[in-house]
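Accompanying notes for the structure given below.
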Amino acid sequence: MTYLEVRSLSKRYGDFTALGDITLDIAEGEFVCFLGPSGCGKTTLLRAIAGLDPQSSGTIHQKGRDVSALPPAKRDFGIVFQSYALFPNLTVADNVGYGLVSRREKKAAIAARVVELLAMVGLPDAGPKYPAQLSGGQQQRVALARALATSPGLLLLDEPLSALDARVRLRLRHEIKALQRRLGVTTIMVTHDQEEALTMADRIVVMNHGAIEQVGAPQEIYRHPASAFVADFVGSMNFLQGTLMAPDKIQVAGVDFACPGQEGLALGQKVNLCIRPEDVRVRDLPQGIANRLTVEVTELDFVGAFCRATLKAALQGPSAADVAMTADFSSNLIRDLGVERGTRLDVALPPDRLRVFAA
Amino acid sequence: MSSTKVGLSRDDLVMRGGVVLLAALLLVIVGLPLWALLAKGFEDRDGKFVGLANYISYFSTPALFNSALNSLHVAAVSTVIVVPLSFLYAYALTRTVLPVRWLFQGIALIPIFAPSLLPGLALIYLFGTQGFLKALLGGGSIYGFDGIVIAQVFYCFPHATLILVTALATADARLYEAADVLGASKLRVFFTVTLPGAKYGLISAALVVFTLVITDFGIAKVIGGNFNVLATDVYKQVIGQQNFSMGAVVGMVLLAPAALAFVVDRLVQRKQVALLTARAVPLVPKPKPGRDFVFTLFCTLVSIGILAILGMAIWGSLIKYWPYNLSLTLDNYDFAKFDANGWDSYWNSVEMAVGAALFGTALMFTGAWLTEKTRDFHIVRGVVQLLAFLPMAVPGLVLGLGYIFFFNAPGNPLGFLYATMGILVVNTVAHFYTVGHLTATTALKQIDPEFESVSASLKVPIWRTFTRVTTPICLPSILDIAIYLFVNAMTTVSSVIFLYSPDTKLASVAAVNIEEAGTTAAAAALCVVIVLTSAAVKVAHLLADRFLLDRLQAWRRR
Chain A
1 MTYLEVRSLS
11 KRYGDFTALG
21 DITLDIAEGE
31 FVCFLGPSGC
41 GKTTLLRAIA
51 GLDPQSSGTI
61 HQKGRDVSAL
71 PPAKRDFGIV
81 FQSYALFPNL
91 TVADNVGYGL
101 VSRREKKAAI
111 AARVVELLAM
121 VGLPDAGPKY
131 PAQLSGGQQQ
141 RVALARALAT
151 SPGLLLLDEP
161 LSALDARVRL
171 RLRHEIKALQ
181 RRLGVTTIMV
191 THDQEEALTM
201 ADRIVVMNHG
211 AIEQVGAPQE
221 IYRHPASAFV
231 ADFVGSMNFL
241 QGTLMAPDKI
251 QVAGVDFACP
261 GQEGLALGQK
271 VNLCIRPEDV
281 RVRDLPQGIA
291 NRLTVEVTEL
301 DFVGAFCRAT
311 LKAALQGPSA
321 ADVAMTADFS
331 SNLIRDLGVE
341 RGTRLDVALP
351 PDRLRVFAA
Chain B
1 MSSTKVGLSR
11 DDLVMRGGVV
21 LLAALLLVIV
31 GLPLWALLAK
41 GFEDRDGKFV
51 GLANYISYFS
61 TPALFNSALN
71 SLHVAAVSTV
81 IVVPLSFLYA
91 YALTRTVLPV
101 RWLFQGIALI
111 PIFAPSLLPG
121 LALIYLFGTQ
131 GFLKALLGGG
141 SIYGFDGIVI
151 AQVFYCFPHA
161 TLILVTALAT
171 ADARLYEAAD
181 VLGASKLRVF
191 FTVTLPGAKY
201 GLISAALVVF
211 TLVITDFGIA
221 KVIGGNFNVL
231 ATDVYKQVIG
241 QQNFSMGAVV
251 GMVLLAPAAL
261 AFVVDRLVQR
271 KQVALLTARA
281 VPLVPKPKPG
291 RDFVFTLFCT
301 LVSIGILAIL
311 GMAIWGSLIK
321 YWPYNLSLTL
331 DNYDFAKFDA
341 NGWDSYWNSV
351 EMAVGAALFG
361 TALMFTGAWL
371 TEKTRDFHIV
381 RGVVQLLAFL
391 PMAVPGLVLG
401 LGYIFFFNAP
411 GNPLGFLYAT
421 MGILVVNTVA
431 HFYTVGHLTA
441 TTALKQIDPE
451 FESVSASLKV
461 PIWRTFTRVT
471 TPICLPSILD
481 IAIYLFVNAM
491 TTVSSVIFLY
501 SPDTKLASVA
511 AVNIEEAGTT
521 AAAAALCVVI
531 VLTSAAVKVA
541 HLLADRFLLD
551 RLQAWRRR
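Listed below in structure tokens is the structure:
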């Protein structure tokens, strides 16, 4: 069931278009991430949904109710900011109970709810402390408990993890996701961290320049990026410049590559042939495998679990040119094949792993 | 451009109502009095419109026009003396290692707690007709240009020093390390790093001193002799000759340089970008015996100068009959002997200062919050901003004069305020509105801007967050504003000199009157009482800040 309907939403500041004609549906209980580089409009969209920075035009319906023109106080949402925005002069318990007090509930009922919420976010003993006495990760959990206290129908998270250090961030990712799944609250999270979006979201909305580039499940976004921007922004991608010679053939520096059949691209058009570093195949290349080339390893960067190799292929077509790309080699592979800087080896670019975008 | 009109929540309505009320209030206590003053300059004594006649007569009367030149001359010379002096002192406080640094810092602030006529009185004791150092002048007279300049240097010194300490304190140690590593000489580092870093502070300090001198009334009144300046001319025209129209014209002439300095300062400050990024490493001076000795000597000399002037006023106030009977007495503190109001004027001052501090602080802080946090509503908020900034550019005498014309006008429903304690409080709050407003705004800008968003999402009324969160967090700044208002209300002479009635005469005004009547000792005694009161309040504030706040606001501790 559709919980949130955003229709033709635009936001303009003078001549600058921060959001252009955004249309988006979010289902009840879904965890959606707005992903994009800074300035892409993801936070603007979140704040428009909250009513904090109203749109210039367009409508928003929440649970069938038109909330487009309602002030924030009349909408139904809880929000967590990157800065946490915890009230520093109130104890953790008072922070969490802040929204409950003004509902004129009984003191005992409020206290019980606060205990429940703090237990839920894993901070059962933090009640009497002040925010300044907690670590960043703990503060973020308190902010989450405060936002959930009034049981809102929609939870908005504005870059909630970006102020935390890497280890805490990883742990909180799982905790937030698990909590969201348990409560079933419809959640929108804004982030510029693609890994965060990929691990947490049910669906990702990739944004750029105030427009939506692609909406889809993490796997789909990663495997089948809809545009060169998405391909480049989510994960790593090699871009090889070439020309579309036939619907399933692209010439790069005079050498033909087989690729999945293309529709909607004109023959003779300049295109980018794309492949992710981990999809470059090295081992057990059968005879006659498509898109085989001999490359030289020019750089080998140790990244821990694997090595990222920079490969240079001397393509011997009519217009000879060097083509560079990166490929991820596992430690095993490097050991087994004795790869080092200057090694020459054969690789293949499997056609089913290639993506083609207009240049 | 089509735009979605977002409905107003109850919060929005309350906030907007508050902003409108504030705009109306500021219009009444700042805008309309100034307007009344402006209009008065175009009327003759009977209130008939005479166009520019008053202005023509002003500029064609050499005696009057000369005062304007005198004012500019005094202000320029005082600025040229004070700014380098303050710069060296501020440099010593921030960039060298001084023994008892806190003491030097405290001594530099002393003049702030005194009415401006105090240095004038002290100079009379030292170099006046019967001054015991008169011989040093070699036949010259302290009354006039020289006396005014010396007293102004004393009076303006802390204001310039405070600005320059702030400017010099914000330095990035890495810039100095970089210059060092690149092998720049000390002098070159000073001219390429230190001075440019303090540039805006220097400009600001110069403009502040210039404005203070031009608009000050107490010093010129006490020690000006026959040397007329704009401030004393306004007083003479209004009180002496009851020529209100000409008083208004002189007031407008007085307003011009002050307003100009203010505008220049705002333009310059706008150019300033944050020199200190979050990643800057604060500069901590390292001991360097030679330099430290020289600056300690310098600070000691300046401090002795300040203490000598204060000490002279205190000593003079305790002496039986200067210069013939130097035995000590407290007789001069029996103010009833010199002024009909006796000690009442002192208690009036305290009452007024407490009133201004309470009423003013509440107004300034709530007002700044309303202007800062109301959504949209840009036009009315803009009006409030403008009216809140205006008082900074308006000399106290000019505002006081405007109050006479506005509140005393026949038919003004607020006329009942005239000649009450109420009008003194209102006038003082208006006169010092800008600094309080700016302090509050700065404090509010430093707290998380999302508190209100969080409250809205939790359906908590915004004023609840104001009382329960915003106000407690800003308590230190709120106290700062209250103390600032109290001290200024105790020491101000200029704006209130036109507005008191026999029942509401203030201590600073009584000191002017007593001095006018020729009793320097009692006037000095009254000034000393004012200094002690405002300094005591400031010390209490510092102690409260240190011990009480720490206990009340445990949440600040980590």
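Chains as they are written, first to last, in this note's numbering: chain A, 1 to 359; chain B, 1 to 558. C-beta atoms are modelled at their ideal positions from N, C-alpha and C, and glycine is treated no differently.
Would DSSP call residue i helix, strand or coil?
i                     : result
residue 72 (chain A)  : helix
residue 224 (chain A) : coil
residue 14 (chain B)  : helix
residue 336 (chain A) : helix
residue 349 (chain A) : coil
residue 208 (chain A) : strand
residue 450 (chain B) : coil
residue 202 (chain A) : coil
residue 62 (chain A)  : strand
residue 21 (chain A)  : strand
residue 553 (chain B) : coil
residue 216 (chain A) : strand
Taking its Cβ as the centre, do 16 or more other Cβ atoms sit within 10 Å of residue i, making it buried, or is it exposed?
i                     : result
residue 42 (chain A)  : buried
residue 1 (chain B)   : Confidence at residue 1 (chain B) is low in this model, with a pLDDT of 39, below 50, so the placement of that residue should be treated as unreliable; the coordinate-derived value is given next. Exposed.
residue 1 (chain A)   : exposed
residue 125 (chain A) : exposed
residue 119 (chain B) : buried
residue 30 (chain A)  : buried
residue 146 (chain A) : buried
residue 224 (chain A) : exposed
residue 226 (chain B) : exposed
residue 116 (chain B) : buried
residue 542 (chain B) : exposed
residue 517 (chain B) : exposed
residue 373 (chain B) : buried
Residue i: which of the options sits nearest, CA to CA?
i                     : options                : result
residue 389 (chain B) : B:17, B:11, B:29, B:15 : B:29
residue 344 (chain B) : B:421, B:536, B:8      : B:421
residue 256 (chain A) : A:221, A:302, A:292    : A:292
residue 458 (chain B) : A:155, A:55, A:343     : A:155
residue 477 (chain B) : B:364, B:183, B:494    : B:364
residue 383 (chain B) : B:72, B:145, B:9, B:22 : B:22
residue 195 (chain A) : A:290, A:219, A:258    : A:219
Between residue i and chain B, is any beta-carbon pair separated by less than 8 Å?
i                     : result
residue 79 (chain A)  : yes
residue 8 (chain A)   : no
residue 16 (chain A)  : no
residue 71 (chain A)  : yes
residue 127 (chain A) : no
residue 102 (chain A) : yes
residue 98 (chain A)  : yes
residue 218 (chain A) : no
residue 332 (chain A) : no
residue 85 (chain A)  : yes
residue 2 (chain A)   : no
Of all Cβ atoms in chain A, is any one closer than 8 Å to the Cβ of residue i?
i                     : result
residue 16 (chain B)  : no
residue 381 (chain B) : no
residue 5 (chain B)   : yes
residue 553 (chain B) : yes
residue 9 (chain B)   : yes
residue 472 (chain B) : yes
residue 549 (chain B) : no
residue 602 (chain B) : There is no way to answer for residue 602 (chain B), as the model of chain B reaches only from 1 to 558.
residue 476 (chain B) : no
residue 115 (chain B) : no
residue 13 (chain B)  : no
### Query
Between the stretch 428-459 of chain B and chain A, which residues of the former have CB atoms less than 7 Å from a CB of the latter, in chain order?
Hits within the stretch, in order: 448, 450, 451, 453, 454, 456, 457, 458, 459.
### Message
Using a Cβ-Cβ cutoff of 7 Å, what residues of the stretch 114-140 of chain A are near chain B? List them in chain order.
### Response
Residues 130, 132, 133.
### Query
Using a Cβ cut-off of 8 Å, which residues of the stretch 21-55 of chain A contact any Cβ in chain B, in chain order?
50, 51, 52, 54, 55: these are the residues of the stretch 21-55 of chain A whose beta carbon lies less than 8 Å from some beta carbon of chain B, given in chain order.
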